[in-house]
Structure formats: structure tokens, C-alpha cells
Amino acid sequence: MSSESVNKKKKKGFGEFWDRYSTISILIIMTLVFGIMRFSSFFTGSNMLKILEQSSITILLGLGEFFAILLGGIDLSVSSIMALSGAVCAKLMSDFGMHPLAAIIIGIVVLGVFVGLVNGLLVTTTGLPPFIITLGTQAILRSIVYIITSARAVSNLPITFSRTVGGSVGFISAPVLIALITAIVLTYFTKKTQCGRNLYAIGGNPQAAWYAGITVSKHTVIAFIISGLCASMAGMVNIARLAAAEPNAGTGYETFAIEAVIIGGASFFGGVGKIPKVVIGGLIIGVINNGLNMCGVSSYYQQLAMGCLLIIAVTLDRFFGASRKN
352 MSSESVNKKK KKGFGEFWDR YSTISILIIM TLVFGIMRFS SFFTGSNMLK ILEQSSITIL
412 LGLGEFFAIL LGGIDLSVSS IMALSGAVCA KLMSDFGMHP LAAIIIGIVV LGVFVGLVNG
472 LLVTTTGLPP FIITLGTQAI LRSIVYIITS ARAVSNLPIT FSRTVGGSVG FISAPVLIAL
532 ITAIVLTYFT KKTQCGRNLY AIGGNPQAAW YAGITVSKHT VIAFIISGLC ASMAGMVNIA
592 RLAAAEPNAG TGYETFAIEA VIIGGASFFG GVGKIPKVVI GGLIIGVINN GLNMCGVSSY
652 YQQLAMGCLL IIAVTLDRFF GASRKN
């Protein structure tokens, strides 16, 4: 056997390993590293629950971001959708005395779905890259947040809202439960529905999907609606945990969402990825943030760690992820 054949076999073997076990391997390694560094405080039940709760927002944002990336695109507006839906919901409850359920419906169904619909329609009708469209809507939505809140935090939220959305159900916190249920529903959607399978087909080869009779524009809009819906759910969880809506809420979280998806095994080239791995990717982000905080590492270095991890994940996907499409 030639050396070239051996190298190809090794590359394919590592590609298969990377596809199957990369995400869980990274999670185990990160957990062990921080566990060894801060054994007495890291491996405690309360800290594990804290990591899960803190990761819930990243997971929700990542679940929505997954569908944009699945099509070979991106949604940079998820952090601003999160902030806007949270601010509107908080204003409705605090300033207008609206019932929490009605405010949540408006924040999630109306705002999340509407903004996602606008993003999808702009992408399909203009033909511009999703990067450009969502970069613009990100700035527009963040500006709207500052305008409606006068750049001040909105507090005095009903206790029932904070206890229900930000509280606990038994020993599991409500944010974790919300993220878990959302992941289960979206897993079913991607695996068991025709629409979900069509999204994979479009991400793998849009032209072939079009020839197969799949309406690419319609499915693109659906993907961005799901992204907006998940981002607005993250906004509800965020204000419930903080008992206030901060105008700067979620700033930079679009990076966390993208990292959760890519570290979770999805590909920037589209057509590849699984919802459960996105959940693990979100947990990896949570473990890293929690562990670095425990070690007293500055937030600047935390961003450095996240950036390096993202570059490594994308690089490995570029060179070893091709086997997933073969």
C-alpha cells in the first residue's frame, strides 16, 4: 500500500471520528480540565445546575442559528432579536400591566416570528447574502431596543413571570426545561418531517433541491422564522432570570450561538448538523465560561478562548468534515 493511500485512510478515519465524537470529546476534555483546576468547587451539584441554567440561553440561540447555518447562511440578528423581544415583553408587563402570558405571546410569536419572516423575505427577494441582511437587521433592532427603553433597564416585572419562566420545576430550572423541550421538538422536526429533511437537501445542494421540486425560497423563510422564534424565547428566559430587561442584553451572543452550532458539528458549508450536538455545543460554551470565571480569568481571555476554539473547529471541519457528505 502506497504512503498516499495510507494518508488518505488516516484522514478519512479521523474525519469519521471527528464527525461522531468531536463534540462530546471536547465537552469531556473541557469538563476534566476545569474539574482538575477547581475540583472542590467545579464538580458540585449546584455548579453543574448553574452551568446548565447559564447555557440555556446559548442553547436556545444556537438552536435557531442552526437552521440558518444548515442552509449555508448565517443569522447575525439573533442577539438583537433576543434583546428586543425581552424589552418589549418587559415594557408590556411593567408599564402597561399586561398579563405575563399575553406579553410572552407577543414577544415570542409576534416579534420573533415577524422578524424572522422579514429576514427570510429580505434574503430571498434581494438575493443578498444572509450575512449582509442580518448584519443590517441586527443594527436596526438594537437601535429600536435603545429607543423603546430609553437606554435604561426595564424592571418591576411580575413575580409570577420570574418564578414561572426563570424559576424551577422540581430540581430542574425552567430555562433548562424550556431549552430541552425546544431541542426535542426541533429534533423531531428535522428527522421526522418532510420540511426538515428538505432543509438538509437545500443546504447540501440548493440547485439539486430546486430540480427535485423543493421550493428553496419558502424553506429559507421557514429557517429564519425558526431562528427568530428561538431567539425570542431566549429573550424571555433572559429577562426572567435577571428580573429585568437590559438594553445591552445579548450583545455579542450571536458569536456564542454560532460557536455552539459549529463546535456542535454543523458545517458552514451547509447541509450538515444535528440538533442534539448543538445542545452539547451550547454546554461546552457554558463550561468554558463557568470554568474560566472560577479560575479568575478576565473576560477578555474568555473571548480569546472562544475565538480560538471556533477557528480550530472550522479548520478541522474544512479538512476532515468532507466524509460526512460522502
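Straight run, no breaks: the sequence shown in my numbering ends on number 677.
For each residue, glycine too, the CB sits at the ideal point set by N, CA and C.
Between residue i and residue j, how many whole angstroms is the CB-CB distance? I'm expecting something under 8 Å.
i	j	result
V516	A525	6 Å
I455	T538	Not confirmed; about 23 Å, so no contact.
L412	A582	6 Å
M645	R371	Contact flag wrong, Cβ pair sits at about 30 Å.
Q405	N641	7 Å
T606	M657	7 Å
I377	I614	6 Å
V630	I410	5 Å
Quick one: is residue i buried, meaning 16 or more other Cβ sit within 10 Å of its Cβ, or exposed?
i	result
V469	buried
N677	Residue placement at N677 cannot be trusted, given a pLDDT of 42 that sits under 50; what the coordinates show is reported in the next sentence. Exposed.
F418	buried
V520	exposed
T533	buried
R592	buried
C348	Since the first and last residues shown for the chain are 352 and 677, residue 348 lies out of range.
F393	buried
Y651	exposed
A438	buried
Y562	exposed
S649	exposed
E416	buried
G396	exposed
L422	buried
V536	exposed
K542	exposed
A663	Per the sequence presented here, residue 663 reads as Ile, with Ala not at that position. Exposed.
I553	buried
G624	buried
Leaving out five residues before and five after residue i in sequence, what residues of the same chain have Cβ atoms less than 6 Å from its Cβ?
i	result
N549	I565 and H570
F540	G547
What does a CB cutoff of less than 7 Å around residue i pick up in its chain, not counting 5 residues either side in sequence?
i	result
T382	V638
A490	none
S373	G616
P481	A419, G424, I425, D426 and V474
V687	Since the first residue shown for the chain is 352 and the last is 677, residue 687 is missing from the structure and cannot be characterised.
G386	F393 and F394
V527	L403, E404 and S407
Helix, strand or coil for residue i? Go by DSSP, reduced to three states.
i	result
S506	coil
I662	helix
A673	Because the pLDDT at A673 is just 47, under 50, the model does not fix this residue reliably, and the value given afterwards should be weighed accordingly. Here A673 sits in helix by DSSP.
S519	strand
S524	strand
A441	helix
A596	strand
V567	helix
C646	coil
S618	coil
L634	helix
K542	helix
K625	coil
R389	coil
N556	coil
M399	helix
S373	helix
I425	coil
F575	helix
So does residue i have its beta carbon nearer than 6 Å to some heavy atom of the ligand NAP?
i	result
C646	With respect to small molecules bound, the structure shown includes none, and the ligand NAP cannot be examined in it.
Beta-carbon within less than 8 Å of residue i's beta-carbon, same chain only, minus the 5 sequence neighbours each way: which residues are those?
i	result
I375	I631
Three-pair Cβ contact test at 8 Å for the region 637-657 versus the region 399-415: Output reads yes: the region 399-415 touches the region 637-657.
Can we say the region 604-619 touches the region 442-460, given the rule of at least three CB pairs closer than 8 Å? In this structure the region 604-619 does not lie against the region 442-460, because fewer than three pairs of beta carbons, one per stretch, are closer than 8 Å.
Validate contact between the region 571-579 and the region 587-602 using beta carbons, cut 8 Å, 3 pairs: Cβ pair count under 8 Å is below three, so no.
Counting Cβ pairs closer than 8 Å, one from the region 480-487 and one from the region 497-506, do we hit at least three? Counting Cβ pairs under 8 Å, fewer than three are found: no touch.
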